[in-house]
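One structure is given below, encoded as C-alpha cells.
Numbering (full-length UniProt numbering), first residue to last: 1 to 556.
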C-alpha cells in the first residue's frame, strides 16, 4: 500500500511556528552530587527550564527497550537514541537484531555469511572484536554462537583476535571472558576444528579507536591481527591477559598488543590471502576505522605493510553512507516514514547542524539510517569540523559556540520551519572520564542553548530541548547500594560509559500555545514519543503507528 504522506492538521495547535529541537548529547537526570557534572556546572539556562513551569518539563527513558535494545540493562547510545527521536517508533537495534538473526538462523542464510563461507574450504576464518558481555559494542554469547555456527557450517580453521574491555564492564573481567572462550575453543579442537585465540590487546590501545582520533591504535591492532607481530608473545590468551594485567597500573582497556605463538615462536594466526574476516562488534563507532583498513584499496592512514586478499564482513554495516563494510552478516533495521520525511513532505523547511562527531546523528540516524536529503530544496545540513588530534577533555567547549551561532543565524534568517541541532559536549568529554573538563563541557553546552533560545524568542518560535542518553550526570561507578565503587587501592572508580538514567524534555517559547502541557497518563514515555510531540508543535497530528505524543492541549 502506498504511503499517504499528508499529515492531518492538529485540531488545537497552529501551523507555521518555527520549532527548534536541541539534543544535548549525554545529558541525563541523576541525583545531585560531586560526580554529577551537570549539577556541578553553571547551567542557568537548563536550570531555569527544569525549575520553571512543571508542566513544561518531563523525563523520558533513553535506554533498553525504549530504544529497541534487548533489555533494560542495556545503556542507550547516540545512534539508537537519534533513531528513536527521528523515527517516532521503536525498532529492534544492534544486539537485538543480531539476537534475532542468530535465533532464527537467518544469519546463516543471508548474503554476508555465504560470502565469507567461500573461504572456509582453503582459508581461515578470523573473528575480531570486543570480548565482553557489556552489550554496548558486542556480547560474548553472540561470539560463542558465531564460532559454533561457523564451525558447524564448514569452518575448519578459526582464529579469534580479542580486545579486552574494562570500560563497559568492570576492569579485570577480561580474565573470565578469556577462560570462557578458551574453553569453547578447546572443545572445538577435540572435534577436529583448529580453533584458537591468535592475538589480543586492550580496546582503547588496540583497534577500537573512533572518529579518526588516533590511527596508531588501529595500526597496533593491524600489526598483531594481520601481520602477526606484537611486542608481547605468549602460548595462550589466558597466560597473556593474566601476565599483562600483573604489570603496575595495568587496565583491561589499555592492555598492550600481544600475539599467540606456537612452539617455534611463530604467530598462530596472521591474516593471509584467501582468509575470511568478520568484525563481530554490532556497534559501529569503534569498528569503522578497522573496516576502512580492511576494505579500502586506497588507504593512507598508516603503512599496512601487507594487504591480504580476504573476504570481509561486519556483524552489521557500520556506515550506511560509506557502505562500509560492503558485506555484513545482519541487515540494519529498515526505518521508513521517519518524522523528518513526513514533515519535509508537508512543506516543513528543515535545518540541521552539529559538529563532525555528532553531525551524522542529527541527519543520517535521525532520518532512519538514510543519508542525504529528502528534498534538497527544503533542507540544509551544516557540519562544523570537530577538533582532531586531541582528546576532547583538552578542549571541552568543543564547537558548541560555533553550532549555536550557525543555528541562531538559521533561525533569524526566516528560511526554516524546523531547526535541529546536537551539542556533543556532555557525551564526548564525559567519555574521557575527566570530571573537571566535563563540568566545563556542560557549562559550554548551556551557554550554547542560551544563544539558540534567545533567537527562538526573537522570532516568536517554539523550542524542545532533550537528550539522547545519559553520561555527564553520573561519572562514577556505583555499588549495589548506589554508593561510589572503590577499586582495590581504595580509589573511586570513574565511569566513562553512558548511563541508564532518564533524560529531560523541556518545551517552551513565545510561539507555544498557552494550553500545551506534558501529559501524565503515559506509562513509560521514551525518546520515541518525541517525534509525535514535534509534529504536534508544527501543527500536525502524527501517523497512527507513531508512539503517542508527550503533550496535550488544555482548553484554558
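Note that the Cβ used here is the ideal one computed from N, Cα and C, for glycine as well.
Here the structure is a predicted model, which means the values were calculated and not measured.
Pick from the options: whose alpha carbon is nearest that of residue i?
i, options, result
"residue 246", "71, 175 and 282", "175"
"residue 440", "36, 248 and 62", "36"
"residue 7", "555, 405, 532 and 298", "532"
"residue 419", "534, 399 and 401", "534"
"residue 72", "509, 499, 462 and 230", "499"
"residue 396", "445, 335 and 350", "445"
"residue 388", "410, 356 and 371", "356"
"residue 558", "61, 55 and 2", "Nothing about residue 558 can be read from this structure; the chain reaches only from 1 to 556."
"residue 224", "421, 261, 144 and 238", "261"
"residue 380", "351, 447 and 88", "351"
"residue 82", "553, 526 and 222", "526"
"residue 199", "184, 370 and 235", "235"
"residue 514", "132, 487, 259 and 55", "55"
"residue 213", "159, 138, 290 and 237", "290"
"residue 129", "109, 115, 159 and 122", "159"
"residue 14", "425, 472, 331 and 417", "417"
"residue 346", "184, 102 and 538", "538"
Any chance the CB of residue i is under 7 Å from a heavy atom of the ligand ATP?
i, result
"residue 271", "The model on display carries no ligand, and the ligand ATP is accordingly not part of it."
Quick one: what's got a C-beta closer than 7 Å to residue i's C-beta in the same chain, skipping five residues either side?
i, result
"residue 292", "299 and 324"
"residue 256", "201, 205, 231, 232 and 244"
"residue 220", "201, 205, 206 and 257"
"residue 557", "Residue 557 is absent from the structure shown; the chain starts at 1 and stops at 556."
"residue 392", "398, 428, 429 and 432"
"residue 89", "528, 545, 546 and 547"
"residue 57", "49, 50, 504 and 506"
"residue 459", "18, 411 and 412"
"residue 180", "140"
Any idea if residue i is buried or exposed, counting beta-carbon neighbours within 10 angstroms, 16 or more meaning buried?
i, result
"residue 5", "exposed"
"residue 189", "exposed"
"residue 367", "buried"
"residue 480", "exposed"
"residue 390", "exposed"
"residue 270", "buried"
"residue 153", "exposed"
"residue 550", "buried"
"residue 187", "exposed"
"residue 273", "exposed"
"residue 140", "buried"
"residue 16", "exposed"
"residue 369", "buried"
"residue 279", "buried"
"residue 334", "exposed"
"residue 51", "exposed"
"residue 443", "buried"
"residue 504", "buried"
"residue 414", "exposed"
"residue 191", "exposed"
Only counting the same chain, and skipping five residues up and downstream in sequence, which positions put a Cβ closer than 6 Å to that of residue i?
i, result
"residue 557", "It is not possible to answer for residue 557, since the shown part of the chain is limited to 1 through 556."
"residue 310", "275 and 277"
"residue 509", "456, 461, 462 and 463"
"residue 39", "32"
"residue 155", "120 and 125"
"residue 87", "335, 338 and 368"
Quick check: is the beta carbon of residue i nearer than 8 Å to any beta carbon in chain C?
i, result
"residue 402", "Protein chains in the displayed structure number just one, and chain C is not present."
Excluding the five sequence neighbours on either side, which residues of its own chain have a C-beta within less than 8 Å of the C-beta of residue i, listed in chain order?
i, result
"residue 476", "35, 484, 485, 492, 493, 494 and 495"
"residue 449", "22, 24, 45, 46, 404, 423 and 465"
"residue 100", "92 and 106"
"residue 407", "20, 351, 353, 419, 421, 451, 452 and 455"
"residue 383", "353, 354, 355, 356 and 359"
Between the region 140-155 and the region 347-366, do three or more beta carbon pairs fall short of 8 Å?
Cβ pair count under 8 Å is below three, so no.
Indicate whether the contact test is met: 3 or more Cβ pairs, each with one atom in the region 293-307 and one in the region 334-345, closer than 8 Å.
Output reads no: the region 334-345 does not touch the region 293-307.
Touching by the beta-carbon criterion (3+ pairs, under 8 Å), the region 87-103 and the region 275-283:
By the C-beta criterion, the region 87-103 is judged to be in contact with the region 275-283, since at least 3 inter-stretch pairs fall below 8 Å.
Please give the ranges of any alpha helix (DSSP H) in the region 296-377, keeping only runs that are unbroken, at least 4 residues long and fully inside the region.
Taken in chain order, the unbroken stretches of alpha helix (DSSP H) that lie wholly in the region 296-377 and span 4 residues or more are 339-345 and 356-360.
Just checking, does the region 309-317 make contact with the region 157-172 on the three C-beta pairs under 8 Å criterion?
Under the three-pair Cβ rule at 8 Å, the region 309-317 does not count as touching the region 157-172.
Ranges of the beta strand (DSSP E) found wholly within the region 185-210, counting only runs of at least 3:
194-202, all fully within the region 185-210.
Count the C-beta pairs between the region 366-375 and the region 399-412 that are closer than 8 Å, then say yes if the count reaches three, no if not.
Contact fails: fewer than three Cβ-Cβ distances are below 8 Å.
So, does the region 447-459 touch the region 11-20, judging by three or more C-beta pairs under 8 Å?
Short answer: they touch.
Runs of beta strand (DSSP E) wholly within the region 52-98 (minimum 3 residues, chain order)
For the region 52-98, whole beta strand (DSSP E) runs of length 3 or above, ordered along the chain, are 57-60.
Start-end ranges of the alpha helix (DSSP H) lying completely within the region 206-275, minimum 4 residues:
As far as the region 206-275 is concerned, its whole alpha helix (DSSP H) runs of at least 4 residues are 215-225 and 237-245.
In chain order, which beta strand (DSSP E) runs of at least 3 residues are fully inside the region 433-483?
If only complete runs of 3 or more residues are kept, the region 433-483 shows the beta strand (DSSP E) at 462-467, in order along the chain.
Counting only runs that start and end within the region 141-181, where is the beta strand (DSSP E) found for 3 or more residues in a row?
Runs of the beta strand (DSSP E) inside the region 141-181: 157-164.
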